[in-house]
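Protein chains: 6
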Amino acid sequence: MNVHDSKQLKTVIKELSDFESLQKMHYECIEADAMPSLSALEEIVQLCRALLFPGFFGYDAVNKQNIAYHMGICSEKLYQLLSKQIHSENRDEIALTFIQQLPAIRAMLAEDVIAAYNGDPAAESYAEVIACYPGIRAISSYRIAHALLKLGVPTLPRMITELAHSETGIDIHPGAEIGRSFSIDHGTGVVIGATAILGNNVKLYQGVTLGAKSFPLDEEGNPIKGVPRHPILEDNVIVYSNATILGRVTIGKDSTIGGNIWVTQDVAAGSRLIQAKQGSKSSKEV
Amino acid sequence: MNVHDSKQLKTVIKELSDFESLQKMHYECIEADAMPSLSALEEIVQLCRALLFPGFFGYDAVNKQNIAYHMGICSEKLYQLLSKQIHSENRDEIALTFIQQLPAIRAMLAEDVIAAYNGDPAAESYAEVIACYPGIRAISSYRIAHALLKLGVPTLPRMITELAHSETGIDIHPGAEIGRSFSIDHGTGVVIGATAILGNNVKLYQGVTLGAKSFPLDEEGNPIKGVPRHPILEDNVIVYSNATILGRVTIGKDSTIGGNIWVTQDVAAGSRLIQAKQGSKSSKEV
Amino acid sequence: MNVHDSKQLKTVIKELSDFESLQKMHYECIEADAMPSLSALEEIVQLCRALLFPGFFGYDAVNKQNIAYHMGICSEKLYQLLSKQIHSENRDEIALTFIQQLPAIRAMLAEDVIAAYNGDPAAESYAEVIACYPGIRAISSYRIAHALLKLGVPTLPRMITELAHSETGIDIHPGAEIGRSFSIDHGTGVVIGATAILGNNVKLYQGVTLGAKSFPLDEEGNPIKGVPRHPILEDNVIVYSNATILGRVTIGKDSTIGGNIWVTQDVAAGSRLIQAKQGSKSSKEV
Amino acid sequence: MNVHDSKQLKTVIKELSDFESLQKMHYECIEADAMPSLSALEEIVQLCRALLFPGFFGYDAVNKQNIAYHMGICSEKLYQLLSKQIHSENRDEIALTFIQQLPAIRAMLAEDVIAAYNGDPAAESYAEVIACYPGIRAISSYRIAHALLKLGVPTLPRMITELAHSETGIDIHPGAEIGRSFSIDHGTGVVIGATAILGNNVKLYQGVTLGAKSFPLDEEGNPIKGVPRHPILEDNVIVYSNATILGRVTIGKDSTIGGNIWVTQDVAAGSRLIQAKQGSKSSKEV
Amino acid sequence: MNVHDSKQLKTVIKELSDFESLQKMHYECIEADAMPSLSALEEIVQLCRALLFPGFFGYDAVNKQNIAYHMGICSEKLYQLLSKQIHSENRDEIALTFIQQLPAIRAMLAEDVIAAYNGDPAAESYAEVIACYPGIRAISSYRIAHALLKLGVPTLPRMITELAHSETGIDIHPGAEIGRSFSIDHGTGVVIGATAILGNNVKLYQGVTLGAKSFPLDEEGNPIKGVPRHPILEDNVIVYSNATILGRVTIGKDSTIGGNIWVTQDVAAGSRLIQAKQGSKSSKEV
Amino acid sequence: MNVHDSKQLKTVIKELSDFESLQKMHYECIEADAMPSLSALEEIVQLCRALLFPGFFGYDAVNKQNIAYHMGICSEKLYQLLSKQIHSENRDEIALTFIQQLPAIRAMLAEDVIAAYNGDPAAESYAEVIACYPGIRAISSYRIAHALLKLGVPTLPRMITELAHSETGIDIHPGAEIGRSFSIDHGTGVVIGATAILGNNVKLYQGVTLGAKSFPLDEEGNPIKGVPRHPILEDNVIVYSNATILGRVTIGKDSTIGGNIWVTQDVAAGSRLIQAKQGSKSSKEV
């Protein structure tokens, strides 16, 4: 770098360092805790996976003689990493309670794996589903994040589901309530909003949106936070690829929603919705 | 960690280590080989890319004098990594045969690159297509995985395409049969099912699904595996963004399928399908 | 490796090293510069993020006393990395000019963050938006890449937006012109073409395509590059999930485009378009 | 691992885990702080070197424009790492005070560099001395460790000089008192004991020991700690290679001690000691 | 690299690749196993240290609740790494037997630590001795290597002691027989030959050589391997710094050998040897 | 860090950043090249070792089929790294010439290996000597550094031998002239000065110094650089452990110098020198 460049750079640096110019955008470390560390979060998710699916994630030669050592090491590391990243007074207690919930989460995920296997003729084994299916990865991260959110942990749950979003293209808000035997096939583009409620045996294909149609504004024109605004899907609902369901509507149980359609009203139980007929084949427009 | 926490943790660890509770979910290393290593797979894909597109991937200063050294090192590493990850008796032979197919795969990919370049006014050079286009990455991984699947390699091919799925948002099952000069533009959300058949010069845009509509169940209610259930796209078919084509239907050659539509029936050669007209503009619903 | 394998491998290596067989596909390092390094680009993006959002990216304990040191180190590293990756005669000048634009880019991104926060009831703080929202990551990379493209930097801008595409599923061409207070919610599958023009306060949901319908070919049948072929969205336009807008059409200001629809014609200002009614509920087809 | 091995391993593990068998050997983390982290210590030494010799260690392109950024970042990291590794109540204060002494330590080291340069005809520049001479590395670590010891920091100083011992073969106890313009040439095997006192302009060659001859035992036969038991070398003393000086003796100023000799008594100022004549040349013994 | 250089390089590469020119120097992988991996050996030593001194090496927060997990993981990793590096038919059995000896080795090392602590007034705690003293590191590596050598493991033991030699400057041949409560102070330059025998409570200072004086040649003039040729030190012998003891001589019990002397004959029990008087102080020679 | 600490730190940083205070100690990057990179040098040494001893260093499964690929890659990397680190106008030419000398250096090292094997009854194979003996490592680095020095490369050669010094405790100045079949046993503490000259078949043991006795000063009292001041050892000389030979003396061919002695005068060919008899055994002094 020549001297001229070096001086001009110094001017920009001064500008970029002007604390006032950051407004309230930057995270004020003096007044608040630092943001949770992204690399720590990635390790937390890896440890959870190793505890939930031993042999698939983490150490790959787990057997009856050594499983206790591996579960022991992973639990302990998880406890330490997690309690360090939780910004709360009773961080230790929360981390411990979360780990105590892992056996129950493992049981739920086992049902999710079975649902994915049964619902996909291309799946050749449970092992393939656990190792390869992005749906299972996203659902695992959701179930972990949801448990943390219920324990009152701020920020972290959302960061965990966004990590899974980046990895799988599946965006499940940790606030959503999702029942047992849930499966997502392929999954890229799936969005499940913060107040969505899904029953048991629900199945979604890629590109499905369970979103908000509109939301009430407060007196200053800002959206009112926390209002229920996402769909309710009852038991056994299937939604095909790229369908969009918006607003606090209820899709009745045993219904099937066809692909590429736009639903903003309640759908009775047992319904089957499909897209209107396509345009005339002689069109020159495309 | 205080002593109290430590003891409670010990109880959970015992629970998580209960071998019976794992049911058939965990990979039984005693009876079977370990799962293929994910990091080894990533290196395998990197080596294939370095062999298929020298100068773009791997060492970046390949020239006439040194190319043989680089191809030599990469081939040898690939041979060793691959034969180690293939769980089969004749693993060495399979790895060698696969590497012997790489020149032919390179020739096919060159045609794919040209197709992408010709089909996109924004593409400024072959180099840009190879270096930047997620479509080419996903197609490369598919062609690699498809070759391995044909050689009878289990699990690995699916893991390779899922790596590409995570990287590009494009999910091509290694079982699909895809012709020459194939291109995918942008690509996020594309799904191509296990029994799909695509001719030459097919072009897909982002969000296109070539999926299964439904599938026959066996007497116990489980899906029958291996039945042809995905679309056939003949030569020169173009499918626009977010279109969904489901079931064992045939899209005749030279057809164009418009975006955001839902196709579950055969389409005659030379057809152009577009979405029905949109709703009235005065709607207050949105 | 046994001797037999080793000899056969040698034959393939020779074939793979045949320089002529590479056609014009490989990057000719003798005649041209090496491709920009992917890992260098990733570091460049990290440094930009650290400069634009101090406290969130890079060092996490920035305060009034030390911010100048951190901005200084990051600026200097960025200058060096960037000027090394730009293949141009006046690379130093370009790198410096780019860094001088960072304060203005930071100001624009602050407005984007506020727009995302105000537009999403699930957002709990500016911090959450900056740390978690893939939309902000993709828009940051776009604004960086767009600035570099305007300075005449080749290849790099496209590689930067493709990195963001892989991370977020959002594909914004660096050539697009995008106004202030821009937001993308969820975002997976969004595509914004090279000649698209977006006004201020535009909001897009996941799966939205702003693409090209068709493009003129030259006398040899190749697409003519550089022709305006993507939509214009005027101020305050909202486009819901999975909508596809194709061609050089104009969506007039204050319009709302509903999800899952296909738009290939101009839309008057203040319009609201939604999908046609869905098919009869008694259908057995799905 | 077969099942038989696995079970036998389990038995050894039990034995190795028997807490009582550890006696007082293991570091009791419950009652005490963890040992300082070795990798943290290595980083601490690297940061000190970067602060003391900018341009040689740490960032290699320091100039007038950017030096403040680099000193700033390094000081801050050093403060944080150091205060974390010091096991003391007022760790923050100690870390700060230590950093405040660095300018003075830098001034002393500059004199040591000049002494080494002037004392070695093979040295071509100050730069070569700083970059290559193990003597300077060992003396730097000693001066750092000595400063920490004076501030009451436990364990750490000794670990720092042992790191230098492993790197250079020079073992200087942090408790030794060493004057200005000190130099060690080559240095492998040099030992300077905890209570040694060296004046200014002392020069040692490789293999020199300044050790303890014997030490008083207490009533239980254990050595009494803290008694002065190592030599005093006054100003301008030179000691040649492999000489051994033992006990609380004084080597008077301006003396020269020849190589390979064994000194256990005081030596008057200005003396020159050399080894007794070697044995007859006709000896067959060797 | 320009084309000219590139061609000349090609010529040298050909010369360097000439297999015949390697004579018997290179390790013939076709006929023999590959050399043990240096990085694997380093990990093996780290794991042994973690098992022998829990809390000091490896995980730093071992307590009663978790020690079994850590010993379990380390033992298992050690078993796998070790059995992979041992080039022998019954590699698994050897690795297991070695691990079964670790509790006994730990007990011996505890006595070595106590000996070092009692013998050095500068040592402030057992913890300091374990964490900082190069003597303990070298003795640990020796005891590990010696056990492996006794089990018939080739090459590895020597590589392990050479790693310690590089780290500490102390060179103990794994073939030496060394009793209990052994200590080495400072240690740089200590050499203990392959057939040396040391009793209990032996103490050596830095620079001490226990070497071979000369060795019988066979008819072709090559040294006869395996002949006892290094000293025997009986119980309670102390050897001061830089003393050289050569040949199959016996230093009788309770003897003290002063520094910088050269011993090639037996020394009776209870002796005290010191260097001859130094030369006249007026010498001008130095 | 609290605000108070932060402010005090800022004051020290200012002091440490005062450019004038650095005197001429710091490396002035504005006026000169940056110092050679230590990590680059380590890689350069690794590459040389891989080229000189294929199968031992670098890739461990070299065979007749693949050796050319490995020599090719290593040579090319070496060329690039080396020409980047050499601060000279004709850096490319120097790097190439150096690589062209590697076959000759390999031939010399092969003789050194044989000499070490023949001279040590404990050596079991050439392989053990190459893999384990620090002497061979130090001699390899010396021969590399010496060749670079002869080609006029500044600074680098000295840094290379200092890396070996740190690793092995053997300090050979790259300026020394050393003949064929050279061996060093154990080696810790060996020092060979810049103007030393060694014939063929010379053998040194640990702790041997070939140093300077004194050196002429110029009018300002500074040592005159470049004057021959280190010993000449003629063919077949053996020097035992811890012997010190100082000044421009000549040790005649076939001589043996015993351990722990101090030689400052010429020694006739065929001589055998040993230490004077040790002191009376009844001494109470030690």
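Each protein sequence line maps, in turn, to chains A, B, C, D, E and F. Heads up: the first sequence begins at 14 in my numbering, then just goes up one per residue. Heads up: the second sequence begins at 14 in my numbering, then just goes up one per residue. Heads up: the third sequence begins at 14 in my numbering, then just goes up one per residue. Heads up: the fourth sequence begins at 14 in my numbering, then just goes up one per residue. Heads up: the fifth sequence begins at 14 in my numbering, then just goes up one per residue. Heads up: the sixth sequence begins at 14 in my numbering, then just goes up one per residue. Note that CB positions come from ideal geometry on N, CA and C, so glycine has one too.
Simplified DSSP assignment, three categories, for residue i
i      : result
D279/D : coil
Y146/C : coil
P170/A : helix
I210/D : strand
R156/E : helix
Q111/B : Checking the displayed sequence, the identity of residue 111/B turns out to be Phe instead of Gln. Of the three classes helix, strand and coil, the one that applies to F111/B here is helix, per DSSP.
Y139/E : helix
S196/E : strand
R104/C : helix
CB of residue i within 9 Å of CB of residue j, strictly
i      : j      : result
L286/F : I274/F : yes
I173/B : I183/B : no
H243/F : Q219/F : no
T178/E : P147/F : At residue 178/E the sequence reads His, which differs from the Thr that was named. Yes, the Cβ-Cβ distance between H178/E and P147/F is below 9 Å.
A207/D : A140/E : no
R171/F : L29/E  : no
L223/D : E55/D  : no
Residues near residue i in its chain [Cβ-Cβ closer than 6 Å; skip 5 each side]
i      : result
G165/E : none
L115/E : L64
N214/A : S194, D248, N249
I251/D : K216, T269
E190/B : I210
I245/F : I210, T263
Q21/A  : none
Residues near residue i by beta carbon distance below 8 Å, same chain, minus five either side
i     : result
D31/D : none
C87/C : L60, A63, L64, G71
V75/E : P67, G68, H83
Residue i CB to nearest heavy atom of the ligand MG below 8 Å
i     : result
M84/C : Of ligands this structure carries none, so the ligand MG is not represented either.
Same chain only: Cβ atoms within 7 Å of residue i, ignoring 5 sequence neighbours per side
i      : result
G265/E : E247, V280, A281, A282, G283, S284
K27/E  : none
Nearest-angstrom Cβ-Cβ length linking residue i and residue j, presumed shorter than 8 Å
i      : j      : result
I99/A  : D125/A : Their Cβ separation, rounded to whole angstroms, is 26 Å, which puts I99/A and D125/A out of contact at 8 Å.
T327/D : K226/D : A query on residue 327/D cannot be resolved here, the shown segment of chain D reaching from 14 to 299 and no further.
Min CB distance residue i to chain G below 9 Å
i      : result
M121/C : This model lacks chain G altogether; the protein chains it does include are A, B, C, D, E and F.
Checklist line | Members of the stretch 252–265 of chain A near chain E, C-beta cut-off 7 Å | finding: Of all residues in the stretch 252–265 of chain A, none has a Cβ within less than 7 Å of some Cβ in chain E.
Item checked: the stretch 159–183 of chain E: positions lying closer than 8 Å to chain D by Cβ -> Result list: E180, T181, G182.
Check: Going along the chain, which residues of the stretch 18–38 of chain B sit with their C-beta nearer than 9 Å to a C-beta in chain A?
Finding: Those residues of the stretch 18–38 of chain B that come within reach of chain A (Cβ to Cβ, closer than 9 Å) are D18, S19, Q21, L22, K23, T24, V25, I26, K27, E28, L29, S30, D31, F32, S34, L35, Q36, K37, M38.
Margin query: Using a Cβ-Cβ cutoff of 7 Å, what residues of the stretch 91–106 of chain A are near chain D? List them in chain order.
Written below: If you check each beta-carbon in the stretch 91–106 of chain A against every beta-carbon of chain D, none falls closer than 7 Å.
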